[in-house]
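Under the working numbering, the residues of the sequence shown are numbered 180 to 622, in order. Beta carbons are placed, not taken as given, at the ideal position from N, Cα and C, and that holds for glycine. Computed from a prediction, not measured in an experiment: that's the story for all the values here.
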Amino acid sequence: MKVYKFGGTSVGSVINMNHVKDISVDGHKKVVVLSAMSGTTNALVEISETIRQGEHDTAIAHINALNEAYNSRVSDLLSNNDLRNEVSNYVNDIFKDLLSNANQNHSELLHNKIVANGELLSTYMFSAFLKQEGVNAALLPALDFMRIDVTNEPDNFYIKKNIERLMASTPEADIYITQGFICLDAIGQVTNLQRGGSDYTATIIGAAIDADEVQIWTDIDGFHNNDPRFVNDTRALSHLSYDEAAELAYFGAKILHPQTVMPVRQLDIPLRLKNTMQPEAHGTLITNKTNGEGIKAIAAKDGITAIKIKSVRMLLAHGFLKKVFEVFERYETSIDMITTSEIAVSLTIDNTTHLETIINELEQFATVEVDDFMSIICLVGNQIIYHPDTPQLFQVLQDVNVRMIAYGGSNNNISLLVNTSDKLESLQKLQRYVFEGTAEVAL
Ligand code: ADP
Ligand code: ASP
Ligand code: MG
Numbered sequence: 180m181k182v183y184k185f186g187g188t189s190v191g192s193v194i195n196m197n198h199v200k201d202i203s204v205d206g207h208k209k210v211v212v213l214s215a216m217s218g219t220t221n222a223l224v225e226i227s228e229t230i231r232q233g234e235h236d237t238a239i240a241h242i243n244a245l246n247e248a249y250n251s252r253v254s255d256l257l258s259n260n261d262l263r264n265e266v267s268n269y270v271n272d273i274f275k276d277l278l279s280n281a282n283q284n285h286s287e288l289l290h291n292k293i294v295a296n297g298e299l300l301s302t303y304m305f306s307a308f309l310k311q312e313g314v315n316a317a318l319l320p321a322l323d324f325m326r327i328d329v330t331n332e333p334d335n336f337y338i339k340k341n342i343e344r345l346m347a348s349t350p351e352a353d354i355y356i357t358q359g360f361i362c363l364d365a366i367g368q369v370t371n372l373q374r375g376g377s378d379y380t381a382t383i384i385g386a387a388i389d390a391d392e393v394q395i396w397t398d399i400d401g402f403h404n405n406d407p408r409f410v411n412d413t414r415a416l417s418h419l420s421y422d423e424a425a426e427l428a429y430f431g432a433k434i435l436h437p438q439t440v441m442p443v444r445q446l447d448i449p450l451r452l453k454n455t456m457q458p459e460a461h462g463t464l465i466t467n468k469t470n471g472e473g474i475k476a477i478a479a480k481d482g483i484t485a486i487k488i489k490s491v492r493m494l495l496a497h498g499f500l501k502k503v504f505e506v507f508e509r510y511e512t513s514i515d516m517i518t519t520s521e522i523a524v525s526l527t528i529d530n531t532t533h534l535e536t537i538i539n540e541l542e543q544f545a546t547v548e549v550d551d552f553m554s555i556i557c558l559v560g561n562q563i564i565y566h567p568d569t570p571q572l573f574q575v576l577q578d579v580n581v582r583m584i585a586y587g588g589s590n591n592n593i594s595l596l597v598n599t600s601d602k603l604e605s606l607q608k609l610q611r612y613v614f615e616g617t618a619e620v621a622l
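Below is the structure:
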């Protein structure tokens with residue numbers, strides 16, 4: 180069986196929901212994971228934020244506006260009276276519930292419940308639509324099987340057992356529809372897999388049911404060699420290895436949630452990226468095979484903080500690095516890049532929740548300098564550190580202030596730390612040099 184996941188744009192309009200139906204109803208049984216309709220999760224996050232700030236009237240106005248938008252979508256999508264009434268009642272109940280949230284005290288749990296509604300709405304609407312079109316579809320509530328544990332990792336045993344049980348209870352269904360993104364935490368409260376998490380839901384399910392393939396259907400024709408939001412003339416890659424895709428996703432390629440690759444890599448399940456609006460395009464196939472030479476793709480991750488830690492004894496004494504790492508370990512803060520010299524170690528983090536405490540602890544035995552608003556630019560490709568063209572990269576970026584370089588940590592990755600204000604220029608210059616061979620390299 181295959182798992183198909185459709186993102187926000189793919190389910191974002193009645194026309195696109197029709198595309199989703201045409202793609203998924205192909206005579207083969209499958210699981211279909213849906214995101215919220217595009218814009219909905221952002222709207223719900225904003226509603227939650229206005230409630231947190233005590234602006235109840237604004238929250239109520241936003242909720243009513245969203246409710247109206249959904250009412251007209253339901254009328255456009257469903258011509259069958261009974262189904263339309265049933266879905267309208269469901270939608271109105273969700274919005275009634277949201278209105279009652281507007282007067283409650285804000286909490287993390289309330290926030291999580293509010294943002295969960297996007298996926299609940301899209302899947303309920305799409306299930307009714309498939310029923311109207313005569314498709315035998317069953318809705319599997321994600322909150323009945325998707326759970327993470329105390330370390331925020333998927334609780335694979337629980338997920339497998341429960342999704343199998345639910346699927347077995349409706350064996351006649353051709354399409355099993357479920358919500359991406361939302362899940363329960365270890366104590367059974369509503370939470371989620373972080374923004375963009377529906378991709379991750381799809382591969383977690385793929386692993387749980389040992390799928391033949393997981394397909395991520397989105398609004399672009401596959402994984403591009405650079406970020407199309409910032410660079411012109413990027414092109415789709417026909418193939419990537421799990422490691423390459425995982426590295427690019429981790430370092431900011433928005434097309435995949437950073438964790439997406441892990442569940443399918445472990446079981447060697449192919450992962451395919453496809454365009455809902457252009458299904459005939461090849462897309463990108465992600466497997467365990469590595470091919471090609473040199474730099475294959477570039478991604479960038481913002482929100483990085485660089486920390487330089489200098490030993491007060493001038494030379495990096497024995498045990499110094501251990502002490503540094505222990506501080507980050509204690510506050511569960513992972514380190515992305517690291518470089519060392521005789522007197523200092525520089526490293527980067529993206530989670531600054533405990534930054535102040537970390538700095539205080541480091542200052543017990545070191546001097547500490549912190550720079551924020553940094554970005555990591557990540558270049559990925561098969562054996563790129565040995566490729567003859569690679570060293571020229573540094574000339575291409577000679578006008579950019581490169582703060583750190585990680586070269587050789589893996590044969591397939593080079594990471595550069597730059598100020599976020601230099602990110603655009605860096606990505607564009609690298610694109611011209613790497614993929615168009617036209618960069619101005621001063622020799
Ligand atoms: P969905 O809502 O379907 O999950 P996303 O917006 O999360 O879609 O991801 C698709 C978007 O990711 C594309 O429209 C594109 O702007 C952006 N993106 C960033 N980097 C890449 C890349 N390397 N390749 C393709 N798309 C990328
Ligand atoms: N709806 C969620 C979000 O916007 C999850 C997803 O789209 O994957 O982040
Ligand atoms: Mg996404």
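Buried versus exposed, by CB contacts within 10 Å (16 or more), residue i
i    : result
K501 : exposed
N405 : buried
L446 : exposed
P350 : exposed
K292 : buried
V506 : buried
P437 : buried
E619 : Residue confidence for E619 is low, a pLDDT of 49 falling below 50, so the modelled location carries little weight; the figure read from the coordinates is stated next. Under this definition E619 is an exposed residue.
L288 : exposed
L622 : Here L622 scores only 39 on pLDDT, less than 50, and its place in the model is too uncertain to base an answer on.
S594 : buried
H235 : exposed
P458 : exposed
D515 : buried
Y421 : buried
P442 : buried
G297 : buried
G206 : exposed
V329 : exposed
Cβ pair residue i, residue j closer than 8 Å
i    : j    : result
N294 : S227 : The question names Asn, but residue 294 is Val in the sequence shown. Yes, Cβ-Cβ distance for V294 and S227 is below 8 Å.
C362 : A317 : no
K475 : G560 : yes
N598 : F544 : no
A390 : I448 : yes
R611 : L596 : no
D398 : M456 : yes
D529 : G462 : no
A478 : G431 : yes
E426 : C557 : yes
I563 : N591 : yes
I538 : V524 : no
I393 : L450 : Correcting the residue type first, residue 393 is Val in the shown sequence and not Ile. Cβ distance < 8 Å, so V393 and L450 count as in contact.
Integer Cβ distance of residue i from residue j, believed to fall under 8 Å
i    : j    : result
Y379 : T439 : 5 Å
I338 : A387 : 5 Å
Just checking, does the segment 353-368 make contact with the segment 321-331 on the three C-beta pairs under 8 Å criterion?
-> Taking 8 Å as the limit for Cβ pairs, the verdict is that the segment 321-331 does touch the segment 353-368.
Contiguous alpha helix (DSSP H) assignments of at least 4 residues, all confined to the segment 308-363 = Scanning the segment 308-363 for uninterrupted alpha helix (DSSP H) segments of 4 residues or longer gives 335-348, listed from N- to C-terminal end.
Which runs of the alpha helix (DSSP H), 4 residues or longer, sit entirely within the segment 510-575?
-> Assignment of alpha helix (DSSP H) within the segment 510-575, counting only whole runs of 4 or more residues, yields 534-541, 572-575 in chain order.
Pick out the complete alpha helix (DSSP H) segments inside the segment 244-320, 4 residues or longer, and give them in chain order.
-> Secondary structure within the segment 244-320: the alpha helix (DSSP H) runs of 4 or more consecutive residues, fully enclosed, are 260-280, 287-294, 296-311 (chain order).
Are the segment 211-223 and the segment 185-193 touching, with three or more C-beta to C-beta distances below 8 Å?
-> Touching, yes, given that three or more Cβ pairs across the two stretches are closer than 8 Å.
With contact counted as at least three CB pairs below 8 Å, one residue from each stretch, are the segment 332-348 and the segment 379-390 in contact?
-> Yes, since at least three Cβ pairs between the segment 332-348 and the segment 379-390 fall closer than 8 Å, the two stretches touch.
Complete runs of the beta strand (DSSP E) confined to the segment 354-412 [at least 3 residues] | Within the segment 354-412, the complete beta strand (DSSP E) segments of 3 residues or longer fall at 354-358, 361-363, 369-371, 392-397, listed in chain order.
Fully enclosed by the segment 414-476, which beta strand (DSSP E) runs are 3 residues long or longer?
-> Counting only runs of 3 or more, we get 418-420, 450-454, 463-466.
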